[in-house]
Amino acid sequence: MPFLSRFPRMPVLSAMLGLICAASAPVLGEDVRPLPIELRIGRKAGPAFDPIEAMGAGIDGGQQGATDRLLTKHNVAAMRSAGLRPLTYRLRTELGIEAWHWNPQGTWSDPAHQQGYWTSSDRATKPIGNSWGYKLPRRGDTIDNANDDDYSRLTDGDLDSFWKSNPYLDAAFLKDGRPHHQWLLLRFDKPLEIDAVRIHWGTPYATAYKVQYWSSDNDYGPGAHWITFDYGSLTEGKGGDVLLKLAEKPVGVKFLRVLLEQGSNTAPPDAKDWRDRAGFAVREISAGRLAPDGTLIDVVQHKANKSGQTFAHVSSTDPWHREVDRDPHLEQAGLDRVFHSGLGNGRPIMLPVGVLYDTPDNAAAMLRYLRWRNYPVRQVELGEEPDGQWGNPDD
């Protein structure tokens with residue numbers, strides 16, 4: 005066994021036997037009875053791991069100024085004294101549904117307006133000390149796993165805002181033979197009666213989609229599955245403001261989903277970027293029962309804050325953003341600062357690249373930068389816990 009081979013065999017064996025005997029010693033006052041101990045010695049080693057390699061430390065993002073407070077000489081020395089040699093870099097921007105400007109130097113896809121899709125430069129005129137996250141104004145999720153201080157544009161009550169899916173998941177871009185359907189989901193506090201839905205489409209909109217409900221009140225219900233409403237399958241969508249009758253009788257629904265299957269491949273009139281026509285955009289969604297006069301009795305709460313709106317979750321989010329969207333409360337230690345801190349102990353470091361809320365170009369530029377700097381990298385992680393955000397491995 006690699007770990008035990010570093011130490012004298014007999015003292016370790018004696019210590020192990022001592023622990024076994026101590027663990028099996030009877031409670032004071034009970035009869036002492038001998039217990040059999042089986043010890044096998046052979047050439048065939050059992051499962052083993054080296055804790056020096058298997059256990060390590062991580063450095064994460066934080067609030068503004070956290071990096072300076074954390075990476076002082078005193079703190080770095082204290083962290084290194086813990087003896088945790090491998091180091092991994094954690095990406096808080098991915099948990100916070102934000103794009104990562106890992107290098108403050110870079111370019112916008114729309115430089116005239118300082119907005120669009122950001123690509124950090126694969127070179128730097130000075131070491132990168134800090135980097136930041138940027139909020140996504142086309143966000144569809146009510147909550148996130150970082151600061152949790154934003155909200156969904158699907159249920160914010162504002163028809164000027166909208167959620168848009170990630171254009172890089174459009175089948176026309178990927179061309180891998182897989183559909184990569186997108187979706188939006190509403191979760192109610194309890195089952196509510198629903199027989200209609202109203203969708204204010206943005207551009208691009210869905211031409212083919214299904215409105216569905218979950219067959220259980222539990223999101224992990226055994227055998228539960230999505231059921232399409234009787235009139236919930238649409239194949240000739242035209243966009244705009246659409247009120248759909250879904251069934252003759254209301255259905256008790258706790259989880260409501262719109263499965264987006266085919267896009268219009270259209271873009272706003274002033275759009276010039278191919279990403280503007282890829283994916284799906286929804287300005288607002290409502291659901292409830294149809295009144296006798298044909299109007300919708302809406303059960304969705306529309307508020308521009310996470311605590312007041314109906315919970316929404318989406319399959320992906322467009323990483324489009326603006327310079328003004330920089331989040332002062334989400335800061336990441338700069339790559340150069342991490343590699344020169346000494347926390348890596350001269351060993352290769354495991355690093356993530358932005359995936360869920362970033363662009364492939366920005367991720368590729370980071371890898372080129374690491375190679376340019378000749379930094380030792382152990383592994384590259386795709387995103388930060390994308391499975392914990394229901395990320396589809398195919399995407």
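According to the numbering used here, the sequence shown is numbered sequentially starting from 5. Glycine included, each C-beta is placed from N, C-alpha and C at the ideal position. Remember, it's a predicted structure, so these values are computed and weren't measured experimentally.
Burial state of residue i, where buried means 16 or more other Cβ atoms lie within 10 Å
i: Gly50; result: exposed
i: Trp104; result: buried
i: Val239; result: Going by the sequence as given, residue 239 is Thr instead of Val. Answer is exposed; the Cβ neighbour count stays below 16.
i: Tyr224; result: exposed
i: Pro171; result: buried
i: Gly137; result: buried
i: Met59; result: exposed
i: Gly236; result: buried
i: Val328; result: exposed
i: Asn107; result: buried
i: Val201; result: buried
i: Gly87; result: exposed
i: Gly241; result: buried
i: Arg47; result: exposed
i: Leu43; result: exposed
i: Trp394; result: exposed
i: His78; result: exposed
i: Asn309; result: exposed
i: Gly348; result: buried
Alpha carbon of residue i to alpha carbon of residue j, nearest angstrom
i: Pro380; j: Thr76; result: 23 Å
i: Ile353; j: Met83; result: 16 Å
i: Val286; j: Asp174; result: 16 Å
i: Ala275; j: Val303; result: 35 Å
i: Ile198; j: Ser220; result: 15 Å
i: Pro323; j: Tyr121; result: 7 Å
i: Ala92; j: Leu334; result: Here the sequence assigns Thr to residue 92, which means Ala is not the residue at that position. Near 18 Å, if we compare the C-alpha coordinates of Leu334 and Thr92.
i: Ala295; j: Ile301; result: 6 Å
i: Asp362; j: Pro40; result: 59 Å
i: Pro38; j: Ile45; result: 22 Å
i: Thr270; j: Ala210; result: 10 Å
i: Val80; j: Leu355; result: 19 Å
i: Gly387; j: Lys253; result: 43 Å
i: Met370; j: Arg94; result: 15 Å
i: Ala29; j: Asp54; result: In this prediction, Ala29 has a pLDDT of 42, which is less than 50 and means its spatial position is unreliable; nothing more can be read from the coordinates.
i: His325; j: Thr146; result: 18 Å
i: Lys258; j: Asp340; result: 48 Å
Candidates the options, of which the one nearest residue i by Cα
i: Leu188; options: Ala176, Arg157, Asn134; result: Arg157
i: Lys179; options: Trp136, Ile132, Asp153, Ala282; result: Ala282
i: Ser311; options: Asp126, Arg47, Asp153, Ser135; result: Asp153
i: His299; options: Leu247, Pro323, Leu263; result: According to the sequence as given, residue 299 is Thr; it is not His. Of Leu247, Pro323, Leu263, the residue nearest in Cα terms is Leu247.
i: Glu98; options: Asp398, Asp391, Pro397; result: Asp391
i: Gly346; options: Val262, Ile63, Glu335; result: Ile63
i: Phe233; options: Leu260, Thr211, Lys242, Gly244; result: Leu260
i: Leu264; options: Arg330, Ile203, Ile41; result: Ile203
i: Glu57; options: Thr111, Ala81, Leu74, Arg89; result: Arg89
i: Arg375; options: Arg73, Ala128, Ile147; result: Ala128
i: Thr207; options: Gln313, Trp278, Glu42; result: Trp278
i: Tyr213; options: Leu250, Asp72, Gly133, Arg142; result: Leu250
i: Asp162; options: Gly348, Ala176, Ile289, Gln109; result: Ile289
i: Glu144; options: Ser165, Asp340, Asn151, Ala369; result: The amino acid occupying residue 144 in the given sequence is Gly; Glu does not appear at that position. Nearest option by C-alpha distance: Ser165.
i: Gln305; options: Ala291, Asp280, Val318, Asp297; result: Ala291
i: Gln67; options: Ser85, Ser124, Arg330; result: Arg330
i: Glu389; options: Ser113, Arg73, Asp148, Gly110; result: Asp148
i: Lys130; options: Tyr155, Trp230, Gly338; result: Gly338
Three-state secondary structure assigned by DSSP to residue i
i: Arg281; result: helix
i: Cys25; result: Confidence at Cys25 is low in this model, with a pLDDT of 39, below 50, so its placement is unreliable and the value that follows should be read with caution. Helix, per DSSP.
i: Gln216; result: strand
i: Tyr172; result: helix
i: Tyr379; result: coil
i: Glu335; result: strand
i: Arg191; result: strand
i: Gly392; result: helix
i: Arg293; result: strand
i: Glu327; result: helix
i: Pro115; result: helix
i: Ala128; result: coil
i: Val31; result: Note on Val31: pLDDT 39, under 50, position unreliable in the model; no value is reported.
i: Tyr361; result: coil
i: Ala367; result: helix
Range covered by the beta strand (DSSP E) that runs through residue i
i: Trp136; result: 134-139
i: Ala70; result: No beta strand (DSSP E) holds Ala70; the alpha helix (DSSP H) holding it covers 70-74.
i: Leu238; result: 230-238
i: Ala316; result: 315-318
i: Glu265; result: 255-267
i: Gly62; result: 61-63
Where the alpha helix (DSSP H) containing residue i begins and where it ends
i: Ile45; result: Run containing Ile45: none; DSSP gives neither H nor E here.
i: Pro55; result: 55-58
i: Thr207; result: Careful: Thr207 lies outside any alpha helix (DSSP H) and carries neither H nor E.
i: Lys77; result: 77-84
i: Glu98; result: 96-99
Test: residue i CB closer than 8 Å to a CB of chain B
i: Pro115; result: Absent from the structure is chain B; it holds one protein chain and no more.
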